[in-house]
Amino acid sequence: MLTLNKRQFLIGAAGMTAAATLPRLASSAGKNIMVIASTVDIPNFDPHVATGYAPQWLFRNTYDPLVRVVNNPPVPAPGLAKSWTQSPDGLVYTFELDETAKFHDGTPVTAKDVEYSFARLLRLAKGPAWMVSGILDENSVKATGEMTVTMTLKKPFAPLLSVLPWMFVVNSKLVEANKGTDDGQAYLLANMAGSGAFKMGRVKPGDLYELVRIEDDWHKGGNLTGVIWKIVREASTARLMLQRGQVHFALDMFAEDMEAIKDMPGVVRIMEPDYRTFTIKMNTAHGPLMDKNLRKAVSYAFNYKGMLDAAGPAQLMKSPLPVGIFGFDPDQKGYEQDIPKAKEYLAKSAYKDGGFKLSMHHAVGYENQRRWCLIMLESLKVLNIDLDIRAMTWPDTVAMARSPETMVDFYSIFQSPNYADPDNTAFAAYHSSRNGQWQNPVYKNPEVDKLIEDARAEVDTAKRVELYKKFQEVVVEDAADIIGILELRKFAMRDNVRDYVFSSVAPNTMEVWPLSIG
Amino acid sequence: MLLYILRRLILLLPVLFGLTLLLFIVARILPGDPVGLAAGPNATPELIAQMRSELGMDLPLPVQYWNYLTGLVSGDWGMSVFTRRPVVADIMEYLPATIELVFASLLIAVVIGIPLGLLTAVHKNGALDYITRTVALGGIAMPRFFLGLLLQMAFAAWLDILPLSGRYPLIESPPDHVTGLYTLDALIAGDWYAFQVALSHLALPAIAMALSPLATIMRMMRASTIEVLQQDYVMTERALGLSNHLILFKYVLKNAMTSTLTVIGLYVSWLLGGTVLVETVFDWPGLGLYATQAILTQDFMPVIGVTLVIAIIYLITMLIVDLLYGVFNPKVRYA
Chain A
98 MLTLNKRQFL IGAAGMTAAA TLPRLASSAG KNIMVIASTV DIPNFDPHVA TGYAPQWLFR
158 NTYDPLVRVV NNPPVPAPGL AKSWTQSPDG LVYTFELDET AKFHDGTPVT AKDVEYSFAR
218 LLRLAKGPAW MVSGILDENS VKATGEMTVT MTLKKPFAPL LSVLPWMFVV NSKLVEANKG
278 TDDGQAYLLA NMAGSGAFKM GRVKPGDLYE LVRIEDDWHK GGNLTGVIWK IVREASTARL
338 MLQRGQVHFA LDMFAEDMEA IKDMPGVVRI MEPDYRTFTI KMNTAHGPLM DKNLRKAVSY
398 AFNYKGMLDA AGPAQLMKSP LPVGIFGFDP DQKGYEQDIP KAKEYLAKSA YKDGGFKLSM
458 HHAVGYENQR RWCLIMLESL KVLNIDLDIR AMTWPDTVAM ARSPETMVDF YSIFQSPNYA
518 DPDNTAFAAY HSSRNGQWQN PVYKNPEVDK LIEDARAEVD TAKRVELYKK FQEVVVEDAA
578 DIIGILELRK FAMRDNVRDY VFSSVAPNTM EVWPLSIG
Chain B
42 MLLYILRRLI LLLPVLFGLT LLLFIVARIL PGDPVGLAAG PNATPELIAQ MRSELGMDLP
102 LPVQYWNYLT GLVSGDWGMS VFTRRPVVAD IMEYLPATIE LVFASLLIAV VIGIPLGLLT
162 AVHKNGALDY ITRTVALGGI AMPRFFLGLL LQMAFAAWLD ILPLSGRYPL IESPPDHVTG
222 LYTLDALIAG DWYAFQVALS HLALPAIAMA LSPLATIMRM MRASTIEVLQ QDYVMTERAL
282 GLSNHLILFK YVLKNAMTST LTVIGLYVSW LLGGTVLVET VFDWPGLGLY ATQAILTQDF
342 MPVIGVTLVI AIIYLITMLI VDLLYGVFNP KVRYA
C-alpha cells in the first residue's frame, strides 16, 4: 500500500504546480497568424450549400467570386474577374478573368470553372442560389472564351453585381473527380476546391478552424501567414482573450462588452452602422392582427423612444429599408408614439375595447429583445391588450415561422442583408414567395410583390429609387411591422491589425487576406 | 469473479436498450424542426423534404428506431444533422477532451480530498478541520461556472500565470494524437514542453471542476475515518503498540474507504454530465459543449449518442467500484 506523509504530499503538490505554471510558449517568429473569436461554428465547407456568416467568412478567404464587395458604402471590386461589361438592356454580362488567378493545386482558374460552378450552384439550389432564383438557371452562365464568361439573365436584375460576391468558383476538375452521387456535396462538406488566399489547415469542429496562406498567392496584399477562426462561446472569455492579445478580432460583442473595453489599451472598438435591421413583424395572416386598424393602433401606441433607450448604440428606423442603403427614403416618417391616434385606430378596429391577449417571442439569451418585449407589454396596456412573452431558441423560432397558425402575434427578428442592395431586404423580408421562412413568415401584399419584382428588374437607377419609395410607402401604410432599430455593428480588434476597412455588408465575414498584423 | 463481471456486463444491455428507447421517444416528440434548421433559412420546402428523406427522418418511427438500434450494434450511431458527420466520429473527436478534464478533476479531488479527510479526522476540531470545513461548504455551494470565471480573472487576467482558455495555444499544434488526451500524448511522445503546456491549460478548468467533489470526498472520508477510529479493533491495535502511522494507513484507511469509493464512483458520472458550463467558460472542446450544441439545434442523434456514452462509462465505473470494494474489504467477494 502506498504511504504518503504530509511532507511528501506537499513536495508533490509543489512540483505539479511548478510544472503547470512554468511553460514558455514556443516562439512564433516568422508567423503572422491572426486569430478571430466568434460564437459561430462552420459545419459545412461547401460554398454552394452552406449559409450563415461563419461559412461565408470561410468562403471569402478560401474561394474567390467573380466580383468582390469592399468599402463603405459597399462597392463591387474585381475578384476572379478583372473587368466586366453589361449590355444596355441589363440582360447580358461579360466577365474577363484574371490570368494570374489559380486554384490551390496550382492550376489556373478558367472560364470553364466559372461555368461549372454556377451550373452546380443552380442545380443544387441550396446556399446562395436563392439570390438569383428566377434570374439565372443552369444554362445561363457560359464560357465564351478561355478566360471570358458570359452571363445571360432571364430577366434584368439590377443587384446582380451585389449578389455575385457570394457565389464562389470551385475547381471543376477536382469536384468532378470527387462528384460521387451527390454532385460532390459529401466531398466539399469537408474539403476545399478553391482559389482563395488560404487553404484549410487544422479542423476541429466546434473548436477551431485554421487557414494557412498558400504559397505564391496570386492575391496581393497583407502579411498574414495564417488565420484561426476560434469558437469562443462565452463573451467574457472573448473579451479577456482580446485584452491579452490572444485574439485579434472578437466578433459577437454586446453593448455591455463594448462598454467594458472602452479605453482599454491595445483594443480598438468597431461600432458602425450597417444594414442589420430589427423589426417586430405582426401576424397579418392569422389572429387579431389581421385587422389593419388594430395594427395601426399598435404602431401608434408603441414606445419607440423606450426601445431606442434600451438598445444601446443604435438608431431608430422609420422605413423598412435600412438607413443609408440605396433607395432608402429619408422623408419617410413612419410611426411615432401617439396615444390619441392609437385609441382612434383601436376604435375603428373590430376590437375597440381591447380586453384580449396577444403573444410575442424573443430569442433566448438576447437581453435587448427581452426588454423590447417588456416595452411592448407596457405599450399595449393603453389599448387594454395583454401580452404573453415567450423566450424561444432559434430552432423553435424557425419552426414557428413556417405557418400563420403557429406564428406568434409579434415576431421579433434581426435581419442581416447578404448583399448591399435594397432588394435583399425587400425581397427576403416582404415578398410573399418567402412566406413560411423565418425572414417573412406571413406578410403578403400583391402590390408590394409587384413593386419588389419591378425594382429588381429595373436597371435605371432613378426609376429604381421611385419604385423603392413606393414600396416603403405601401409597407408603412400596411403597418405590417413595428419598424424598429438599426443597432450599430459591434466588435473589437487589436490595434496591431492594419488595413482593415469596415464594410456595412456582412462586416463579420471580412476578407482577411488584405490585412496585416504587427 | 469473472462470472460476476460477465453477468454485470450482460446486464448493461437491457439498461442501454431502455435508455435508447426513452431518449428516442423524447427526441421525436419534442417540437421543432432540426432538418429545416440544418437546411438553412433560405431552403425551399422541397429541399427540406429531400434532406429529411436523406436522413431517413421521413420513415415511420418504429422503422427509424429499428434502423437506429441495428446501426448502434454495427457502429453506426447516426448522423449529426448539424455537423453532417457520423455521431461516432464526433464523439471520438470530443470525448478525449472531456475524459482528460474529468480524470484530472477526479485526480485532484481524490489526491487532495482523501488525505485531507484523514488528516481532519485525526485532528478533529483543530484549525485545519475548521478551515477545510469552510472551504468544503464553499466548494459545494459555489456554481462551477462562477468559480471558473473567478479563476480566469485571478490567474489568467490579473496574475497572468496560467492560460485563459482552450486545451493548447491556438497557434501551435498539439502533441501527435495517440489517446487524444494531450497530457498523456505528450508523455508518450516524451515531449516535456508539450506536457507542461497541456498541463497549464488543464489546470484551471480541472480545479473548477474538482472543488465540489473534493469537498464531498474530503467530508465523506472524514466522517468514515472518525467512525472507524472509534472501533474496538483500533483501540486494540493501539494497545498492542502499533504506530499511529501504521494504524491509520494500513487498517483505518482501508475500512474507511468503502463509502468514499461509492462517492467517487458517483462523481464520475456527475463530472461527465456536468462539464458543459466549465467547458463553455474555458472553451474546452469536450462532450459537454458538443451535447449543448446538439440540444440547442435539436440534433437528436448526438444527444442520444452522448447520453449512451455517459451511461456506459457510468455503468462500467460502478462495476469497477464494486470490484474495488473487494480489494478494500476482504469480506466482500463476488461469485
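In order, the protein sequence lines correspond to chains A and B.
Just add 97 to wherever you are in the first sequence, counting from 1, and you've got the numbering used here.
Just add 41 to wherever you are in the second sequence, counting from 1, and you've got the numbering used here.
Each residue gets a CB set at the ideal place from its N, CA and C atoms; glycine is no exception.
All values derive from a computational prediction rather than experimental measurement.
Quick one: Cα of residue i to Cα of residue j, how far?
i, j, result
"leucine 57 of chain B", "threonine 266 of chain B", "37 Å"
"leucine 160 of chain B", "methionine 261 of chain B", "13 Å"
"valine 132 of chain A", "serine 333 of chain A", "17 Å"
"threonine 338 of chain B", "proline 492 of chain A", "6 Å"
"alanine 439 of chain A", "aspartate 575 of chain A", "15 Å"
"threonine 606 of chain A", "serine 135 of chain A", "11 Å"
"aspartate 232 of chain B", "proline 216 of chain B", "8 Å"
"leucine 113 of chain B", "alanine 335 of chain B", "19 Å"
"isoleucine 311 of chain A", "phenylalanine 295 of chain A", "5 Å"
"leucine 360 of chain B", "threonine 301 of chain B", "15 Å"
"methionine 387 of chain A", "threonine 381 of chain A", "4 Å"
"valine 545 of chain A", "glutamate 95 of chain B", "37 Å"
"serine 115 of chain B", "glycine 306 of chain B", "29 Å"
"serine 124 of chain A", "alanine 251 of chain B", "Any answer about serine 124 of chain A is weak, because its pLDDT of 32 lies below 50 and its placement is not dependable; what the coordinates show is given next. Going by the C-alpha atoms only, they are around 32 Å apart."
"asparagine 320 of chain A", "methionine 489 of chain A", "43 Å"
"cysteine 470 of chain A", "threonine 333 of chain B", "26 Å"
"serine 476 of chain A", "proline 256 of chain A", "39 Å"
"glutamine 271 of chain B", "arginine 279 of chain B", "12 Å"
"alanine 290 of chain A", "valine 309 of chain A", "14 Å"
"histidine 145 of chain A", "valine 266 of chain A", "9 Å"
"histidine 201 of chain A", "glutamate 307 of chain A", "16 Å"
"methionine 297 of chain A", "asparagine 288 of chain A", "8 Å"
"asparagine 465 of chain A", "leucine 391 of chain A", "25 Å"
"methionine 92 of chain B", "glycine 281 of chain A", "16 Å"
"leucine 43 of chain B", "isoleucine 140 of chain B", "27 Å"
"tyrosine 150 of chain A", "alanine 603 of chain A", "7 Å"
"asparagine 236 of chain A", "alanine 226 of chain A", "14 Å"
"arginine 586 of chain A", "histidine 459 of chain A", "20 Å"
"leucine 480 of chain A", "tyrosine 397 of chain A", "10 Å"
"alanine 352 of chain A", "glycine 462 of chain A", "14 Å"
Have a look at the DSSP bridge pairing and note the partners of residue i.
i, result
"valine 246 of chain A", "A/Phe192 and A/Ala240"
"tyrosine 306 of chain A", "A/Val300 and A/Trp326"
"threonine 374 of chain A", "A/Gln512 and A/Leu583"
"histidine 145 of chain A", "Bridge partners of histidine 145 of chain A: none, in fact."
"lysine 199 of chain A", "A/Pro205"
"glutamine 412 of chain A", "A/Leu583"
"aspartate 454 of chain A", "In the sequence on display, residue 454 of chain A carries lysine and not aspartate. Lysine 454 of chain A pairs with A/Asp483."
"phenylalanine 295 of chain A", "A/Arg310"
"proline 162 of chain A", "A/Phe265"
"threonine 173 of chain B", "Threonine 173 of chain B is not bridged to any residue."
"serine 214 of chain A", "Its beta-bridge partners do not exist; DSSP assigns none."
"asparagine 135 of chain A", "Reading the sequence as shown, one finds serine at residue 135 of chain A and not asparagine. DSSP output for serine 135 of chain A lists A/Ile328 as bridge partner(s)."
"arginine 366 of chain A", "A/Ala589"
"isoleucine 614 of chain A", "A/Val594"
"glutamine 183 of chain A", "A/Tyr190"
"isoleucine 130 of chain A", "A/Gly323"
Within 7 Å: the Cβ of residue i and any heavy atom of the ligand FAD?
i, result
"isoleucine 288 of chain B", "Ligands in the displayed structure: none, and consequently the ligand FAD is not present."
Original post:
Just checking, does the segment 577-589 of chain A make contact with the segment 403-420 of chain A on the three C-beta pairs under 8 Å criterion?
Top reply: yes
Original post:
Is the number of C-beta pairs between the segment 305-320 of chain B and the segment 140-156 of chain B that are closer than 8 Å three or more?
Top reply: yes
Subject >> Residues of the segment 317-343 of chain B whose Cβ lies closer than 7 Å to any Cβ of chain A, in chain order >> reply: Thr321, Val322, Asp324, Pro326, Leu330, Tyr331, Gln334, Leu337, Thr338 and Gln339
Subject >> Whole beta strand (DSSP E) elements within the segment 101-128 of chain B, 3-residue minimum >> reply: none
Subject >> Residues of the segment 314-332 of chain A whose Cβ lies closer than 7 Å to any Cβ of chain B, in chain order >> reply: Ile325, Lys327, Val329, Arg330 and Glu331
Original post:
Taking one C-beta from the segment 217-227 of chain B and one from the segment 280-288 of chain B each time, how about it: are there three or more such pairs within less than 8 Å?
Top reply: no
Original post:
Which residues, in chain order, does the segment 128-140 of chain B contribute to contact with chain A at a C-beta distance below 8 Å?
Top reply: Asp131, Glu134 and Tyr135
Subject >> Interface residues of the segment 266-296 of chain A facing chain B [CB-CB below 7 Å] >> reply: Leu286
**OP:** Spell out a yes or no on whether the segment 340-347 of chain B and the segment 201-212 of chain B are touching, meaning 3 or more CB-CB pairs, one atom from each, closer than 8 Å.
**Re:** no
**OP:** Starting from the N-terminal side, write out each stretch of the alpha helix (DSSP H) that is 4 residues or longer and does not extend beyond the segment 264-312 of chain B.
**Re:** 273-280
Original post:
Can you list, in chain order, the residues of the segment 465-499 of chain A whose Cβ is nearer than 8 Å to any Cβ on chain B?
Top reply: Thr490, Trp491, Pro492, Asp493, Val495, Ala496 and Arg499
Subject >> In chain order, each alpha helix (DSSP H) run of at least 4 residues that lies wholly inside the segment 377-436 of chain A >> reply: 389-398 and 401-408
Original post:
Using 8 Å as the Cβ pair cut-off and three pairs as the minimum, do the segment 388-408 of chain A and the segment 441-450 of chain A touch?
Top reply: yes
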